[in-house]
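Here's the structure we're looking at; comments come further down.
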Amino acid sequence: MYLKRRHIEILREMKKTESQAEIEAKLPEEFQIRAIELYILGFAELEGGKIKLTDAGRKLLEISDSLNLDELPELIADTEIMKMLELLEETGKVPESWLEKLKERKLADENGLTEFGKALLELYRETHPVVYLTPEIVSFLRGMPKIGTLDELVTFKNSRLYGNNIINALQAMRLLLISPPTEKGRAFATTPAARLALKAVNMIPVFARAIVLRKEDFEALRAGKSNAELESMGLSDEKGVTEFGKAMMETYEAMGRVEKKVLPIYLLDDELAVLKAIKEIEEKYRTNPDILPTGKEIARHVEVEDIGAVLHLLESKELIERKLVKGKDTYWLTEWGKEAINFGTVSPDAMKAVTYAESGDVPIAEWVIKAQEEGVVKAGITDKGRFYLRLSRSIKRKPFITRYDAAILAKTPRKKYIHRDELVELVKDYVGGEEKEITRAIGEAEAKGFIVELQNGMVKLTELGDRVKTALENAKLQEIVKVKFSVTPTLYNVLRVIYDNIETFNRIWKEKGEARDYKIEEVDVIRKHLSLSDDEIKKALTMLRQLGFLGTKSLTEAGKTLVEAYM
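Under the working numbering, read the sequence shown as residues 143 to 709, first letter to last.
Dropping the structure here:
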């Protein structure tokens, strides 16, 4: 979206005449640029010397009819303003500086979105921009950084002597998004549609003319129809739609589309150190099979505060796998774990810069700067960023619930948003801890899929978070928040075996009576399904009962809910 006051002034004149010359005589300032922007936005049709209103253009006129344009700033809406509007509608709260910008544009007031704000947001969602790629726009798109801070984009534009109209056109086509300002400034990201556009134009040896694809052109191509104009652009030929035409159709379909976000992933310093220690032990194992990567052996090779917690965390991300070897519980690198050693640590915020951009949304400056510092982003997404994106998309996360996770879930309300700063205070009052630690834990809880934090700092439970919250509430929550970590991949796997074989366990409980910590018959069944030592199975059963996920002779509602949350 890119809407200026002058656009509406031109639309108002178009009610009186369709002559471009007449309107330009009355509104000469950058008329041709503004007319093309109206065309790209889908508000006007350009035919010869005429400029005609589209249905979307008429609707924009209708919703802005009561506005006194002299009271509005020159720029009414761009991708930054539209993101503020979306977040205000979604969460009911944005920073005061954002609200002031919306107020001066008559898009919001103290009660939220105004009628004009609601109508403009609805129009934005209903309309589809036109693909309008000129050699100049394509040249800029090819050379520009694909993600970064806005200052970097402006520096690139100025160093190549491009005008602002290029950035405006890219925003109008939804190929470029700019974030609202935060403490660290503003960020930008090209959208997946921009990458598809570049892929398409790279099919042409020499890009020398404008490529235009309107809704009617798209529908004609989809129906297998053609005309001289489509053929002249190389979108179709006598055989039908060309490969270039198909690529441009993909671009058109992707414009404005926001896909479900991939969960961010993270790797801490301690996790990396443990991965390296396991690698070292595995190398020794090749020549001496008596040296195994047990918890004790790993602890001898690396100094971390809680080796058990780190091993559980790595297992939850499928970076290591647990196996029973020679009667001992051992931990081995997965292929993902081996690669992670090469790429190093990464934070949830750095990965959010990537996951948001990849989905067609815009990250904030803090995330982008973090991504740059950690080597996840340079002029675009780096190999490191691509690896962790691939990892995040591919793995099936297993539960690893810390004391902070439990507290965050307990204090995040259902079906409404809470600001991160308020959540930090609630968690601090509930279980203690430092503000910095809790803030980091909120990022990690998001990477585990429990919550989502938006660009305005508002936090909400995910569907998984809601279900896990229910499980914890039905269990012994006060006991859960006392322990450093409650649910681990091992505990979950044991619980899953019980869930999947409930008839067998019901029979054991009926025949053998109540179990205080564990029954040997329970251990015997679980041993057949999991590569765990008897001691680990006994510990898991004891812990599950202490925390309320398993009763003395039944799987509790909490345990059942937890298992089903991850199925």
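We treat Cβ as the ideally placed atom computed from N, Cα and C, and that holds for glycine.
Would you kindly report the start and end of the unbroken alpha helix (DSSP H) that includes residue i?
i: Arg464; result: Here Arg464 belongs to no alpha helix (DSSP H); instead the beta strand (DSSP E) covers Ile462 to Val467.
i: Tyr144; result: Segment: none, Tyr144 is in no alpha helix (DSSP H) and carries neither H nor E.
i: Val496; result: Pro490 to Ser501
i: Ala482; result: Glu477 to Phe485
i: Arg304; result: Note on residue identity: the sequence assigns Tyr, not Arg, to residue 304. Unbroken run through Tyr304: none, as it is neither H nor E.
i: Thr393; result: Glu385 to Ala396
i: Ile223; result: Thr221 to Thr233
i: Ala507; result: Ala507 to Glu515
i: Ala339; result: Pro334 to Val343
i: Lys194; result: It is not in any alpha helix (DSSP H) - Lys194 instead sits in the beta strand (DSSP E) that spans Lys192 to Leu195.
i: Glu213; result: Segment: none, Glu213 is in no alpha helix (DSSP H) and carries neither H nor E.
i: Gly290; result: Per DSSP, Gly290 belongs to no alpha helix (DSSP H); it is in the beta strand (DSSP E), Ile289 to Thr291.
Using the three-state DSSP reduction, which class does residue i fall into: helix, strand or coil?
i: Met709; result: coil
i: Glu151; result: helix
i: Phe349; result: coil
i: Asp571; result: helix
i: Leu317; result: coil
i: Gly382; result: strand
i: Thr703; result: helix
i: Glu187; result: strand
i: Leu606; result: helix
i: Thr632; result: helix
i: Thr436; result: strand
i: Val601; result: strand
i: Val354; result: strand
i: Ser161; result: strand
i: Asp251; result: strand
i: Tyr473; result: strand
i: Tyr274; result: strand
i: Glu447; result: coil
Using beta-carbon positions only, say whether residue i and residue j come within less than 8 Å of one another.
i: Arg247; j: Ile205; result: no
i: Leu434; j: Thr472; result: yes
i: Val400; j: Ser501; result: yes
i: Val343; j: Val280; result: yes
i: Ala513; j: Pro287; result: no
i: Thr291; j: Arg328; result: yes
i: Pro505; j: Pro631; result: no
i: Phe360; j: Met391; result: yes
i: Arg528; j: Val404; result: no
i: Asp503; j: Gly585; result: no
i: Thr554; j: Thr703; result: no
i: Glu151; j: Lys192; result: no
i: Pro431; j: Glu588; result: no
i: Gly254; j: Gly234; result: yes
Mark residue i as exposed unless 16 or more other C-beta atoms lie within 10 angstroms of its C-beta, in which case mark it buried.
i: Val452; result: buried
i: Glu425; result: exposed
i: Asn598; result: buried
i: Met397; result: buried
i: Ser208; result: exposed
i: Leu303; result: exposed
i: Pro215; result: exposed
i: Glu710; result: Nothing about residue 710 can be reported from this structure: the residues present for the chain run from 143 to 709 only.
i: Gln162; result: buried
i: Arg148; result: buried
i: Ala167; result: exposed
i: Lys602; result: buried
i: Gln174; result: exposed
i: Gly607; result: buried
i: Pro334; result: buried
i: Leu211; result: exposed
i: Glu678; result: buried
i: Arg428; result: exposed
Taking 7 Å as the line, does the beta carbon of residue i fall inside it for any heavy atom of the ligand NAP?
i: Pro237; result: What this structure holds is no ligand at all, so the ligand NAP is not there to describe.
As a quick exercise: from the options, pick the residue whose alpha carbon is nearest that of residue i.
i: Glu615; options: Ala700, Leu533, Leu531 and Gly450; result: Ala700
i: Ala549; options: Lys403, Lys538, Phe542 and Lys570; result: Lys570
i: Gly184; options: Glu358, Lys626, Ser281 and Thr332; result: Glu358
i: Asp119; options: Asp491, Lys626 and Gly327; result: No statement about residue 119 is possible, as the shown extent of the chain runs from 143 to 709 and does not include it.
i: Thr324; options: Ala441, Ala365 and Leu596; result: Leu596
i: Glu179; options: Thr269, Tyr144, Thr159 and Ile193; result: Tyr144
i: Thr436; options: Ile420, Ala389 and Glu447; result: Ile420
i: Val446; options: Glu460, Lys418 and Thr429; result: Lys418
i: Leu340; options: Asp563, Lys526 and Val273; result: Val273
i: Ala331; options: Ala507, Glu171 and Thr694; result: Ala507
i: His454; options: Lys381, Ser628, Val610 and Gly517; result: Ser628
i: Leu565; options: Ser675, Met600 and Phe592; result: Met600
i: Asp251; options: Glu268, Glu231 and Tyr266; result: Glu231
Tell me the residue span of the beta strand (DSSP E) that contains residue i.
i: Thr581; result: It is not in any beta strand (DSSP E) - Thr581 instead sits in the alpha helix (DSSP H) that spans Glu577 to Ala589.
i: Phe691; result: Neither: Phe691 is in no beta strand (DSSP E) and is coded neither H nor E.
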